[in-house]
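S.K.: Below you'll find the structure I mean.
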Amino acid sequence: MLTAILSSLVFTGPALASSPLSFWKAPARDGGYEKISAKFYVDPSSTWKTGYYASTQASFAGHDVQYFGIQPREGQYSGHLTYSVFGKGSSVGDPARCSGGADGGAGVSCSLDGINLNKGEWYEIVSAVVEHGDKGRRWNGTLIDSQGKQTYIASFWTDDSYGPLSGDGAQWLEWYYFNGIYETTTPEQRDCQPPFTVKYERPTLYVGDQQVKAKDTGKDSKWTIDDKCAVKANDPNYSVEHHDAYVQINGGIHSPK
């Protein structure tokens, strides 16, 4: 997963350089936001293979970020859902699906296996505060499929130092198999990541029942030449496309189809 993501969305480290982030923003408001939803769609042309992570992240008003998304899986069940938070002051809400720590640092990592996900369908993940008390805010994650079926993912707590969501964040696609070998291999030594295309609608945030649609900032992170196919093409093996209704991130654009 992406490492060293800060609430300001400044990123460092080699893993981040290889993973395109496309930034979004909603209007700032004094009370922040306590609910966010984001839709995603995996193009039917994609190679459905373990190793990709498609995610939406949202900054808190106080510090750090939460993020949620999907990872393809091969076998009987085709999907793995993630729901996590970075930073000190967070705690596990669902011990059966969450554990302490996030990417080797403070935070909480939650997941749900055994989910059937299909290419060519829109899915939505909702993250919302369901309780706010002395312990802080309890956030629940829920998957909603194209038929409206809801699947609870997990929950975590954030203390009051986090505050609500600020209304800005990013959406990204990561080929995480490179993360463990990034500093010990050269791009020429890394196999080409497979073709994978995901579309993201910009998130919707909520003030009570009022919906606030985030806007595409038109800004993306820069990324690097990371595998054999990128070296051969002399061009990163990713691209980002901005459309009126969604942003599209393409992985493995120079890889064999």
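Per mature numbering (1 follows the signal peptide of the UniProt record, and there is no 0): the sequence shown = residues -17 to -1, 1 to 240. Virtual Cβ for every residue (Gly too), placed ideally from N, Cα, C. Given the structure is predicted, the values throughout are model-derived calculations rather than measurements.
Could you say if the region 137 to 150 and the region 158 to 169 meet the contact criterion of at least three C-beta pairs nearer than 8 Å?
M.R.: Too few Cβ pairs lie closer than 8 Å, so no.
S.K.: Is the region 209 to 226 touching the region 41 to 57, taking contact as three or more C-beta pairs under 8 Å?
M.R.: Because the criterion of three Cβ pairs below 8 Å is not met, the region 209 to 226 and the region 41 to 57 do not touch.
S.K.: Anyone know if the C-beta pair for S29 and G52 falls short of 8 Å?
M.R.: No; because the gap between Cβ atoms is not below 8 Å, this pair is not in contact.
S.K.: Hey, quick one: how far does the beta strand (DSSP E) through K8 stretch, first residue to last?
M.R.: 4 to 8 is the extent of the beta strand (DSSP E) around K8.
S.K.: Is it buried or exposed, E17, if we count other Cβ atoms within 10 angstroms and call 16 or more buried?
M.R.: Classification for E17: buried.
S.K.: Which residues share a DSSP beta bridge with P55?
M.R.: According to DSSP, P55 bridges with G62.
S.K.: Quick one: measure Cβ to Cβ for Y135 and K22, integer angstroms, because I've assumed they're closer than 8 Å.
M.R.: No, Y135 and K22 are not in contact; Cβ-Cβ is about 18 Å, not under 8 Å.
S.K.: Return the chain-ordered ranges of every beta strand (DSSP E) run that is complete within the region 140 to 177 and spans a minimum of 3 residues.
M.R.: DSSP runs (the beta strand (DSSP E)) wholly in the region 140 to 177: 148 to 158.
S.K.: Since P55 and W31 are thought to touch, with beta carbons under 8 Å apart, how far apart are those beta carbons, to the nearest angstrom?
M.R.: Indeed, because the Cβ distance is near 5 Å, the residues count as touching under 8 Å.
S.K.: On a Cα-Cα basis, can you pick out the residue from G234, T125, D77 that is closest to Y35?
M.R.: Selected option, being the one with the closest Cα: G234.
S.K.: Does the region 143 to 154 come into contact with the region 121 to 129, if we say contact requires no fewer than three beta-carbon pairs (one atom in each stretch) closer than 8 Å?
M.R.: Counting Cβ pairs under 8 Å, fewer than three are found: no touch.
S.K.: Between which residues of its own chain and E57 is the CB-CB distance below 6 Å, once the five residues before and five after are set aside?
M.R.: Cβ within range, chain order: T33.
S.K.: Looking at the structure shown, is A89 part of a helix, part of a strand, or coil, going by DSSP?
M.R.: Strand, per DSSP.
S.K.: Check for me: the alpha helix (DSSP H) holding K215 runs from which residue to which?
M.R.: From DSSP, the alpha helix (DSSP H) with K215 extends over 211 to 216.
S.K.: Per DSSP, L188 forms a beta bridge with which residues?
M.R.: Paired residues: I19, V195.
S.K.: DSSP three-state label for S238, please.
M.R.: Looking at S238 - three-state DSSP - the assignment turns out to be coil, as it is neither helix nor strand.
S.K.: Could you check if K182 is buried or exposed, using at least 16 other CB atoms within 10 Å of its CB as the buried criterion?
M.R.: Flag for K182 reads buried.
S.K.: According to DSSP, is Q130 part of a helix, a strand, or is it coil?
M.R.: Coil.
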